[in-house]
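**Q** Before I ask anything, let me first share the structure, which is written out below as structure tokens.
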Amino acid sequence: MKLIEEKFEFVSETERLVIRPLKKADYANWLNEFENRYPSQNRHDLGKIDMSECTQEWFHNLVDKHQELALQDTAYVFGVFRKEEGTHLGMVDFSTLARDDFQWGRIGYTIHNQFWRKGYGQEAVKGALHLAFTQLKFHRIEAHINLDNTSSMKLAEAVGMEFECIRKGFIYENDEWTDHLVYYKNSK
């Protein structure tokens, strides 16, 4: 395994949260919150996940992979942590869709379901968008949302993202091409 010489260490802080890359020292906290997830609450929530393959070595490789993706400007993966005691609440990620004259990316987000309905998702996405525009230098961020994922739509709207369109047959999931709503936000 090669050692990564450089590190991407972009961080955003909100009133209650720290949004930052995962560190190898986060393993126990990260694993604990995945293991404490509730059963699935809806079809877009994975609920309990089998974490038996997620050893400490596996996690360390994941952290290295996230660093490599960031250094290549392919993707940026951030853990969401509660400031007060450092509890891992979920993840936010950005994928680079195009640079050059576009500076265009996609956002994905998830909060562990045991922390839902406390405003963490909205706070995390707001903080992450600030990071995307100021530190990652994106101009446009899109969220691609399943047509029936009303919680994700409400979150996107709550953080100032605007509905743009429905892209037909846009993403291949569950063995078929599915339509997705596109929400976007541009930097100021």
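The sequence shown begins at 80 in this note's numbering and counts up by one.
Where is the CB? At the ideal position from N, CA and C, for every residue including glycine.
1. Are Ala235 and Tyr262 touching if we call contact CB-CB under 8 Å?
2. In whole angstroms, what is the alpha-carbon distance linking Leu210 and Phe89?
3. Measure the alpha-carbon distance for Asp258 versus Ala154 and round it to whole angstroms.
4. By Cβ distance below 8 Å, which residues in the same chain neighbour His139 in space, the five residues on each side in sequence not counted?
5. Less than 8 Å between the beta carbons of Ile128 and Phe113, yes or no?
6. According to DSSP, what are the bridge partners of Trp256?
7. Leaving out five residues on either side along the sequence, give the residues of the same chain with a beta carbon under 8 Å from the beta carbon of Gly184.
8. Determine the contact status of Ser131 and Ala207, defining contact as a CB-CB distance below 8 Å.
9. By Cβ distance, which residues of its chain are closer than 7 Å to Met240, with the 5 residues on each side in sequence left out?
**A** In this structure, then:
1. Tyr262 sits close to Ala235, with the two beta carbons spaced by under 8 Å.
2. 7 Å
3. 23 Å
4. Lys103 and Tyr106
5. Cβ atoms of Ile128 and Phe113: closer than 8 Å.
6. According to DSSP, which records beta bridges pairwise, Trp256 is partnered with Tyr251.
7. Phe173, Ser174, Thr175, Leu176, Ala211, Leu215, Phe217, Arg219, Ile220 and Glu221
8. no
9. Excluding residues within five positions, the ones whose Cβ falls inside 7 Å are Ala222, Tyr262, Tyr263 and Lys264.
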